[in-house]
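Before any comments, here is the structure.
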Amino acid sequence: MASYLLSWLKGKYAGLSRTDFEKQWPGSWIVWEAGPWRPPSLAGTTIIPRDPDGSLPGGGESLAIELQVHAGRSGVTVGRAPENDVVVKDATLSRTHLAFDRGPGGAWRVRDAGSSNGTLLEGSALGTAPVELRSGAALQAGNVRFTYYDPAGLHFRLRGMG
784 MASYLLSWLK GKYAGLSRTD FEKQWPGSWI VWEAGPWRPP SLAGTTIIPR
834 DPDGSLPGGG ESLAIELQVH AGRSGVTVGR APENDVVVKD ATLSRTHLAF
884 DRGPGGAWRV RDAGSSNGTL LEGSALGTAP VELRSGAALQ AGNVRFTYYD
934 PAGLHFRLRG MG
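All residue numbers in the sequence shown are consecutive under our numbering, ending with 945.
Put into C-alpha coordinates, the structure is as follows:
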(Lines of atoms letter the chains of each structure in order from A; the text may use other names.)
(Lines give C-alpha, C1' and ligand atoms only; values in the text may rest on other atoms or scores of the structure.)
Protein backbone atom coordinates (compact mmCIF):
# COMPACT_ATOMS: atom_id res chain seq x y z
CA MET A 784 0.00 0.00 0.00
CA ALA A 785 1.58 3.30 -1.07
CA SER A 786 1.59 6.10 1.51
CA TYR A 787 2.88 9.66 1.41
CA LEU A 788 3.09 12.60 3.81
CA LEU A 789 0.54 15.21 2.75
CA SER A 790 3.22 17.92 2.71
CA TRP A 791 5.22 15.88 0.17
CA LEU A 792 2.17 15.34 -2.05
CA LYS A 793 1.35 19.05 -1.83
CA GLY A 794 4.86 20.11 -2.78
CA LYS A 795 5.01 17.72 -5.71
CA TYR A 796 1.46 17.69 -7.10
CA ALA A 797 -0.73 20.56 -5.82
CA GLY A 798 0.33 22.72 -8.79
CA LEU A 799 -1.15 20.23 -11.26
CA SER A 800 -4.61 20.77 -12.66
CA ARG A 801 -7.25 18.48 -11.21
CA THR A 802 -7.38 16.55 -14.50
CA ASP A 803 -3.60 16.01 -14.55
CA PHE A 804 -3.61 15.02 -10.87
CA GLU A 805 -6.36 12.46 -11.52
CA LYS A 806 -4.37 11.02 -14.45
CA GLN A 807 -1.28 10.69 -12.22
CA TRP A 808 -3.22 9.42 -9.17
CA PRO A 809 -6.51 7.80 -10.32
CA GLY A 810 -7.11 5.87 -7.11
CA SER A 811 -8.92 6.75 -3.90
CA TRP A 812 -7.23 7.52 -0.59
CA ILE A 813 -7.63 7.43 3.15
CA VAL A 814 -5.76 10.06 5.11
CA TRP A 815 -4.58 9.13 8.60
CA GLU A 816 -5.12 12.48 10.29
CA ALA A 817 -2.49 13.85 12.66
CA GLY A 818 -3.38 13.57 16.33
CA PRO A 819 -2.44 11.88 19.58
CA TRP A 820 -1.07 8.39 19.15
CA ARG A 821 -1.59 5.62 21.70
CA PRO A 822 0.83 2.81 20.92
CA PRO A 823 0.22 -0.52 22.63
CA SER A 824 2.88 -1.76 25.03
CA LEU A 825 4.37 -5.22 24.71
CA ALA A 826 1.92 -6.32 27.40
CA GLY A 827 -0.99 -5.04 25.29
CA THR A 828 -1.90 -2.09 27.50
CA THR A 829 -2.18 1.42 26.10
CA ILE A 830 0.86 3.65 26.45
CA ILE A 831 -0.08 7.31 26.57
CA PRO A 832 2.99 9.20 25.35
CA ARG A 833 3.67 12.57 26.94
CA ASP A 834 5.85 15.48 25.93
CA PRO A 835 8.61 16.51 28.38
CA ASP A 836 6.25 19.07 29.94
CA GLY A 837 3.75 16.26 30.69
CA SER A 838 1.24 17.27 28.01
CA LEU A 839 -0.14 14.88 25.42
CA PRO A 840 1.46 15.25 22.00
CA GLY A 841 -0.89 16.58 19.36
CA GLY A 842 0.71 17.78 16.16
CA GLY A 843 2.37 15.55 13.68
CA GLU A 844 1.61 15.24 10.04
CA SER A 845 -1.15 13.49 8.18
CA LEU A 846 -0.38 10.49 5.99
CA ALA A 847 -2.19 9.79 2.71
CA ILE A 848 -2.62 6.07 1.97
CA GLU A 849 -3.71 5.02 -1.51
CA LEU A 850 -6.45 2.37 -1.41
CA GLN A 851 -5.31 -0.58 -3.51
CA VAL A 852 -6.73 -4.09 -3.50
CA HIS A 853 -3.93 -6.63 -3.75
CA ALA A 854 -4.22 -9.80 -5.82
CA GLY A 855 -6.16 -12.51 -4.05
CA ARG A 856 -7.86 -10.01 -1.72
CA SER A 857 -11.42 -8.69 -1.88
CA GLY A 858 -10.74 -5.36 -0.20
CA VAL A 859 -8.48 -3.43 2.16
CA THR A 860 -8.33 -3.99 5.92
CA VAL A 861 -7.09 -1.57 8.57
CA GLY A 862 -6.06 -2.48 12.10
CA ARG A 863 -3.11 -2.97 14.40
CA ALA A 864 -2.36 -6.61 13.45
CA PRO A 865 0.42 -7.18 10.90
CA GLU A 866 -1.82 -9.17 8.52
CA ASN A 867 -3.84 -6.02 7.64
CA ASP A 868 -3.23 -4.09 4.43
CA VAL A 869 -2.88 -0.89 6.46
CA VAL A 870 -1.28 -1.39 9.87
CA VAL A 871 -1.70 1.37 12.46
CA LYS A 872 -0.16 0.41 15.79
CA ASP A 873 -2.59 2.31 18.01
CA ALA A 874 -4.01 0.59 21.09
CA THR A 875 -7.51 1.97 20.46
CA LEU A 876 -7.72 0.02 17.18
CA SER A 877 -8.75 -3.61 17.10
CA ARG A 878 -6.52 -6.21 15.47
CA THR A 879 -8.70 -5.76 12.36
CA HIS A 880 -10.86 -2.67 12.79
CA LEU A 881 -12.08 -1.51 9.35
CA ALA A 882 -12.74 -3.19 6.02
CA PHE A 883 -12.98 -1.30 2.72
CA ASP A 884 -14.26 -2.83 -0.50
CA ARG A 885 -15.71 -1.87 -3.85
CA GLY A 886 -19.49 -1.87 -4.18
CA PRO A 887 -21.39 -3.16 -7.23
CA GLY A 888 -21.03 0.23 -8.96
CA GLY A 889 -17.31 0.45 -8.22
CA ALA A 890 -17.57 3.01 -5.38
CA TRP A 891 -15.58 2.39 -2.20
CA ARG A 892 -17.50 1.20 0.84
CA VAL A 893 -16.45 0.78 4.48
CA ARG A 894 -17.67 -1.31 7.39
CA ASP A 895 -16.62 -1.91 10.96
CA ALA A 896 -14.93 -5.32 11.09
CA GLY A 897 -16.36 -6.13 14.54
CA SER A 898 -14.04 -3.83 16.50
CA SER A 899 -14.04 -3.42 20.28
CA ASN A 900 -13.96 0.39 20.34
CA GLY A 901 -16.31 0.98 17.42
CA THR A 902 -16.17 3.26 14.40
CA LEU A 903 -17.92 6.53 13.62
CA LEU A 904 -18.69 7.65 10.08
CA GLU A 905 -19.52 11.35 10.00
CA GLY A 906 -20.24 11.16 13.73
CA SER A 907 -22.68 8.23 13.54
CA ALA A 908 -21.95 4.66 14.59
CA LEU A 909 -20.82 2.49 11.69
CA GLY A 910 -22.05 -1.07 11.75
CA THR A 911 -20.81 -4.22 10.09
CA ALA A 912 -22.85 -3.63 6.91
CA PRO A 913 -20.88 -1.81 4.16
CA VAL A 914 -21.67 1.88 3.67
CA GLU A 915 -20.73 3.73 0.47
CA LEU A 916 -18.23 6.53 1.05
CA ARG A 917 -18.33 10.07 -0.29
CA SER A 918 -15.19 12.13 -0.74
CA GLY A 919 -14.32 14.00 2.45
CA ALA A 920 -16.09 11.47 4.72
CA ALA A 921 -14.64 11.47 8.24
CA LEU A 922 -14.04 8.14 9.97
CA GLN A 923 -13.04 7.66 13.58
CA ALA A 924 -11.84 4.16 14.40
CA GLY A 925 -11.22 3.99 18.13
CA ASN A 926 -9.32 7.27 18.64
CA VAL A 927 -7.71 7.22 15.19
CA ARG A 928 -9.11 9.62 12.61
CA PHE A 929 -9.19 8.97 8.86
CA THR A 930 -10.67 10.92 5.98
CA TYR A 931 -11.66 9.25 2.70
CA TYR A 932 -10.95 11.05 -0.59
CA ASP A 933 -11.49 10.34 -4.24
CA PRO A 934 -8.72 11.80 -6.48
CA ALA A 935 -10.52 15.13 -7.01
CA GLY A 936 -11.15 15.50 -3.27
CA LEU A 937 -7.52 14.86 -2.35
CA HIS A 938 -6.38 17.33 -5.02
CA PHE A 939 -8.73 19.94 -3.56
CA ARG A 940 -7.31 19.34 -0.07
CA LEU A 941 -3.72 19.60 -1.31
CA ARG A 942 -4.42 22.89 -3.08
CA GLY A 943 -6.02 24.31 0.07
CA MET A 944 -3.13 23.45 2.39
CA GLY A 945 -1.28 26.48 3.75
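Built from N, CA and C at the ideal position, the CB exists for glycine as well.
With a beta-carbon spacing of about 6 Å, W812 and L850 fall inside the 8 Å limit used to define contacts.
If you draw a 10 Å sphere on the C-beta of Q807, you find fewer than 16 other C-beta atoms in it, and that means exposed. Linking V914 to R942 through their CA atoms gives a straight-line distance of about 28 Å.
In terms of Cβ geometry, W791 and V871 do not form a close pair [threshold 8 Å]. In this structure, G862 and N900 do not form a Cβ contact; the two beta carbons are roughly 11 Å apart against a cut-off of 8 Å. Annotated three-state conformation of T802 is helix, per DSSP. Pairing S786 with T930, the inter-Cα distance amounts to about 14 Å.
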